[in-house]
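The UniProt record's numbering applies: residue 1 is where the sequence shown begins, and numbers increase by one. Ideal Cβ placement from N, Cα and C applies to all residues, glycine included. Treat the numbers as computed from the prediction; the structure is a model and nothing was measured. Presented below is the structure to which this report refers.
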Amino acid sequence: MRAVRVTGLGLLFILLAWQALVWIVAPPPYMLPSPLAVAETLVARRAFLFEQSLVTLLEIALGLLFGTLAGVAAGFAVVAWPRAGAFAWPQLLILQSMPVFALAPLLVLWFGFGLTSKVVMASLVIFFPIASAFADGLRRTDPDLLDATAMTDASPMQALWHVRVPLAMPSLVTGLRVAAPFAPLGAVIGEWVGASGGLGFVMLQANARMQTDLCFAALAILAVLTLSLRALVDEFAPHLAPWARESAVHILPPSRQRIAS
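Take a look at the structure:
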């Protein structure tokens, strides 16, 4: 709840500063509309924006699902089969180093203007952070635990599945938290390159027609979707590793530090 209050206060400050800037500078509406104008557009075009939001939301959800599954599978594979991983990992690094905008036109060319190219784009954006975090977690297993497991009848694959994977789940959670906010980015970039619907398509068309208020309205909805997705991941992630509870560290003021000591 504290994070929600802090985020809400931050957004309120930004909106007030934005509105004050519009009142003081008075820029043309096509350059910088006021928050009130954006709110009016959100209300007036709510049916249209809701329909386009559903398109983008579906792309985000599918991209997050398939990107997570692919990232987990890749992270597991490069640790389970080190020789194959040593060959495949540099190729994945090369893929990750490519600019997303450079890949988007190719994906649209290969998969068309429909849903598939947007889902593939969103999956690619979040794939590597999850694969990297999960593989790193698998590699960081306590050597003493592995030595203890070697003294049993467990095979290397059983040790990987029953010991290393559970201990790597907190790293996977971290990867999910880092990657989830990028899923909307991948979907919107795909819509910018070629689409017939979605918030990215709305922003592109609105910008071409100098309907800046509509562009900001779509951006506001996208921001809400991104924050909601991060909150959903934060809510769901602890269930992946209930044995690794997080604890908040509170820094006491000097007077209380002396009392506590």
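Next on the checklist: Suppose contacts are defined by Cβ-Cβ distances below 8 angstroms. Is residue 217 in contact with residue 49 by that definition?
Outcome noted: The sequence position of residue 217 within the sequence shown is 217, counting from 1. The sequence position of residue 49 within the sequence shown is 49, counting from 1. Yes, the pair counts as a contact, with Cβ atoms nearer than the cut-off.
Checklist entry - So, residue 34 versus residue 25, is the Cβ gap smaller than 8 angstroms? => result Residue numbering aside, residue 34 sits at position 34 when the sequence shown is read from its first letter. Residue numbering aside, residue 25 sits at position 25 when the sequence shown is read from its first letter. Their beta carbons are not under 8 angstroms apart, which means residue 34 does not touch residue 25 by this criterion.
Checklist entry - residue 102 by DSSP, collapsed to three states: which one? => result Here residue 102 refers to the residue found at position 102 when the sequence shown is read from its first residue. Residue 102: helix per DSSP, three-state reduction.
Item to check | alpha helix (DSSP H) runs wholly inside the region 111–139, at least 4 long, in chain order | outcome: With a minimum length of 4 residues, the continuous alpha helix (DSSP H) runs that stay inside the region 111–139 are 115–139.
Item to check | Cβ contact check for the region 111–121 and the region 38–49: 3 or more pairs under 8 angstroms | outcome: Contact between the region 111–121 and the region 38–49 is absent: fewer than 3 CB-CB pairs across the two stretches fall below 8 angstroms.
Next on the checklist: Taking the straight line between their C-alpha atoms, what separation do you get for residue 141 and residue 76?
Outcome noted: Counted from its first residue, the sequence shown places residue 141 at position 141. Counted from its first residue, the sequence shown places residue 76 at position 76. Cα to Cα, residue 141 sits roughly 13 angstroms from residue 76.
Next on the checklist: For a test of the three-state rule: what should DSSP assign to residue 45, helix, strand or coil?
Outcome noted: Within the sequence shown, residue 45 is the residue found at index 45, counting from 1. Here residue 45 sits in coil by DSSP.
Item to check | Supposed close pair residue 199, residue 222 - CB separation, criterion 8 angstroms | outcome: Position 199 of the sequence shown, counted from the first residue, corresponds to residue 199. Position 222 of the sequence shown, counted from the first residue, corresponds to residue 222. Indeed, because the Cβ distance is near 5 angstroms, the residues count as touching under 8 angstroms.
Next on the checklist: If you reduce the DSSP assignment to three classes, tell me which class residue 203 lands in.
Outcome noted: Counting from one through the sequence shown, the residue named residue 203 turns up at place 203. Correct three-state label for residue 203: helix.
Checklist entry - Going by the beta-carbon positions, is the gap between residue 231 and residue 175 smaller than 8 angstroms? => result Numbered from 1 along the sequence shown, position 231 holds the residue referred to as residue 231. Numbered from 1 along the sequence shown, position 175 holds the residue referred to as residue 175. No.
Checklist entry - Below 8 angstroms between beta carbons: does that hold for residue 129 and residue 178? => result The residue given as residue 129 occupies position 129 in the sequence shown. The residue given as residue 178 occupies position 178 in the sequence shown. In terms of Cβ geometry, residue 129 and residue 178 form a close pair [threshold 8 angstroms].
Item to check | Identity of the residue in 122, 127, 192, 171 nearest residue 60 by Cα | outcome: For the purposes of this step, residue 60 is taken as the residue at position 60 of the sequence shown. Ranking the options by Cα distance to residue 60, first place goes to 122.
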